[in-house]
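Note sheet for the following structure.
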Amino acid sequence: MLYEYTLSAQREDFYNITPKVREAVTKSGVSAGVAVVFCPHTTAGITINENADPDVVHDLLIGLDKAFPDRAEFRHGEGNSSAHLKASAMGSSATVIVENGKLLLGTWQGIYFCEFDPPRNRKFYVKIIGN
Ligand code: ZN
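Numbering (the working numbering), first residue to last: 4 to 134.
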């Protein structure tokens, strides 16, 4: 089953989409399989990281800014190469095992939609494959 979700991303941030992915698993009725979360954008990504301490996301955003600053030698005319670099660093998808009808995430893990070129109206897909 394929599910599409929309997201109004007003600022550069990591948006916790774990509840939406859990909802897709429940709707699918799949008890054992995988959930694939996919972002169809080039300046946003998907990643799994800590969902307990919000300072982790804060620090990830600072770290990505330091790792991928805007550079004078960039050529891309849209002027958002830093956002493209961050998106590729995060990747455009995440795969999570579904077992007993639940996502097999670690206690401290959440699934994040990563916005790097706000404000944008975004979407992401959740594909549930299994029995
Ligand atoms: Zn661009």
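Here a beta-carbon is modelled for each residue, glycine too, at the ideal position from N, C-alpha and C.
Hey, would you say alanine 38 sits closer than 9 Å to alanine 27, going by beta carbons?
-> On the sequence shown, position 35 is the one that residue 38 refers to. On the sequence shown, position 24 is the one that residue 27 refers to. Yes, the pair counts as a contact, with Cβ atoms nearer than the cut-off.
Just tell me which of Asn134, Pro121, Ala92, Thr110 has its CA closest to the CA of asparagine 103.
-> For the purposes of this step, residue 103 is taken as the residue at position 100 of the sequence shown. The candidate whose alpha carbon is nearest that of asparagine 103 is Asn134.
Pull up the distance between the alpha-carbon of isoleucine 100 and that of isoleucine 131, whole angstroms please.
-> Taking the first residue of the sequence shown as position 1, residue 100 is located at position 97. Taking the first residue of the sequence shown as position 1, residue 131 is located at position 128. Their backbone Cα atoms lie some 10 Å apart in a straight line.
What first and last residue would you give for the beta strand (DSSP E) that runs through aspartate 56?
-> Against the sequence shown, residue 56 aligns to sequence position 53. Taken as a continuous stretch (DSSP letters only), aspartate 56 belongs to no beta strand (DSSP E), as it is neither H nor E.
Straight-line Cα distance separating serine 31 from phenylalanine 119 = As a first step, residue 119 must be located in the sequence shown, where it is residue number 116. As a first step, residue 31 must be located in the sequence shown, where it is residue number 28. Taking the straight line joining both Cα atoms gives about 30 Å.
What are the boundary residues of the beta strand (DSSP E) that includes arginine 123?
-> Within the sequence shown, numbered from 1, the residue matching residue 123 stands at position 120. Where arginine 123 is concerned, the enclosing beta strand (DSSP E) stretches over 123–133.
Cβ-based burial, alanine 86 [other Cβ within 10 Å; buried from 16] | Mapped onto the sequence shown, residue 86 falls at position 83. Buried is the call here.
Three-state secondary structure assigned by DSSP to valine 40 = Residue mapping note: residue 40 aligns to position 37 of the sequence shown, counting from 1. DSSP places valine 40 in strand when its eight states are reduced to three.
Please list, in chain order, all residues of the same chain as tyrosine 8 whose beta carbon is under 6 Å from its beta carbon, the five residues on each side excluded.
-> The residue labelled residue 8 in the question sits at position 5 within the sequence shown. Excluding sequence neighbours, tyrosine 8 sits near Lys23, Phe127.
Continuous alpha helix (DSSP H) assignments of at least 4 residues falling wholly in the segment 81–120 = 84–93
Best match in Arg14, Leu5, Met4 for proximity to arginine 125 [C-alpha to C-alpha] | Mapped onto the sequence shown, residue 125 falls at position 122. It is Arg14 whose Cα lies nearest to the Cα of arginine 125.
Along the beta strand (DSSP E) that carries serine 11, what are the first and last residues, could you check?
-> As a first step, residue 11 is located in the sequence shown; it is residue number 8 there, counting from the start. Here the beta strand (DSSP E) through serine 11 covers 5–12.
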